[in-house]
Amino acid sequence: MIYEVMEIKKLYINLGYKFKNHSLLLKALTHSSYLNETKKKRESNEILEFLGDAVLNLAIAHILIKRFPEAKEGELSKLRASIVSEKGLSKIAKKLGLDEIILLGKGEEKAGGRKNISILSDAVEALFGAIYLDAGFSYTFEVVEKIFKEYLEENEEIFKDYKSQLQEEVQKIYKTLPEYRIIEEKGPPHRKTFKVGLFIKGRLVGEGVGGSKKEAEKMAAKEGLKWLKRD
Numbered sequence: 039m040i041y042e043v044m045e046i047k048k049l050y051i052n053l054g055y056k057f058k059n060h061s062l063l064l065k066a067l068t069h070s071s072y073l074n075e076t077k078k079k080r081e082s083n084e085i086l087e088f089l090g091d092a093v094l095n096l097a098i099a100h101i102l103i104k105r106f107p108e109a110k111e112g113e114l115s116k117l118r119a120s121i122v123s124e125k126g127l128s129k130i131a132k133k134l135g136l137d138e139i140i141l142l143g144k145g146e147e148k149a150g151g152r153k154n155i156s157i158l159s160d161a162v163e164a165l166f167g168a169i170y171l172d173a174g175f176s177y178t179f180e181v182v183e184k185i186f187k188e189y190l191e192e193n194e195e196i197f198k199d200y201k202s203q204l205q206e207e208v209q210k211i212y213k214t215l216p217e218y219r220i221i222e223e224k225g226p227p228h229r230k231t232f233k234v235g236l237f238i239k240g241r242l243v244g245e246g247v248g249g250s251k252k253e254a255e256k257m258a259a260k261e262g263l264k265w266l267k268r269d
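The numbers in the sequence shown follow the working numbering, run straight up by one, and end at 269.
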């Protein structure tokens, strides 16, 4: 049986979850190219992929709202889209080892299907669709939260309010406010890049670069916080 092979045992360890209904796992790992060539009478992972897409979007949205309660809807949508993008999910697929165990047709295999980010991301969606059917949403949510933890932490920085943190520290230490000045502005009007300098009592203590003044100021504030710790 497929769930007895070493790779599947490794998947269970990586997931922190073991299927009760192993036919769901087999279905999640079956790409349509495999069935087209082998003529086996079972379903591919396409329907589970459809279900898993909805499950992942809901789970990730729930996690983001819980993790970043003060964030704006636009920011949350942007981060969720990044996490559940083909590129983001293909990283998860490799982390779980799905690239090694998904069932592909020989033609797809030769075409590099195990490195195809679309196939890998679809497999992740199908896997979580299968977990949802096997265990329900609460358990699936726990697995998603565990598996996506490091990717959430990687993106956490976009929600940090460096400017407010810096202002609070500068007022407390120097009894004044930090000042931001544009040092450089380059690029065409539709794709400008700004370099902003952060000044405390007239002294340049940090610089930041970004596609908008706001983003550049945020990066400068981040450098300013580092400077305060060293000073």
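Backbone N, C-alpha and C fix where the C-beta goes; we use that ideal spot for every residue, glycine too. All values derive from a computational prediction rather than experimental measurement.
message = By the DSSP assignment, the alpha helix (DSSP H) with residue 122 in it spans what residues?
response = Counting along the chain, residue 122 falls outside any alpha helix (DSSP H), and DSSP gives it neither H nor E.
task = Give me the Cβ distance between residue 248 and residue 257, rounded to the nearest whole Å; I'm assuming they're in contact under 8 Å.
result = 6 Å
Close beta carbons around residue 212, own chain, < 7 Å, minus the five adjacent residues each side = 238 and 239
query = Is it true that the stretch 213-223 meets the stretch 132-141, where meeting means three or more beta-carbon pairs spaced less than 8 Å apart?
reply = no
ask   = If you run the structure through DSSP and keep just helix, strand and coil, what is residue 139?
value = helix
request  = Specify the secondary structure class of residue 48 as computed by DSSP and reduced to three states.
outcome  = helix
request  = Kindly list the residues whose CB is nearer than 7 Å to the CB of residue 87, restricted to its own chain and excluding five residues on each side of it in sequence; keep chain order.
outcome  = 160, 163, 164 and 167
message = For residue 202 and residue 101, I'd like the C-alpha separation in whole angstroms.
response = 25 Å
Nonlocal neighbours in the same chain, by C-beta distance under 8 Å from residue 229, ignoring five residues either side = 249
task = Kindly indicate the opening and closing residues of the alpha helix (DSSP H) around residue 207.
result = 200-212
task = Out of 267, 154 and 62, point me to the one whose CA is closest to residue 90's CA.
result = 62
ask   = If you draw a straight line from the C-alpha of residue 106 to the C-alpha of residue 121, how long is it?
value = 15 Å
ask   = Between the stretch 141-158 and the stretch 62-75, do three or more beta carbon pairs fall short of 8 Å?
value = yes
request  = Pull up the distance between the alpha-carbon of residue 261 and that of residue 245, whole angstroms please.
outcome  = 7 Å
request  = State the CB to CB distance for the pair residue 182 and residue 94, rounded to an integer number of angstroms; the pair is presumed to be in contact (CB under 8 Å).
outcome  = 7 Å
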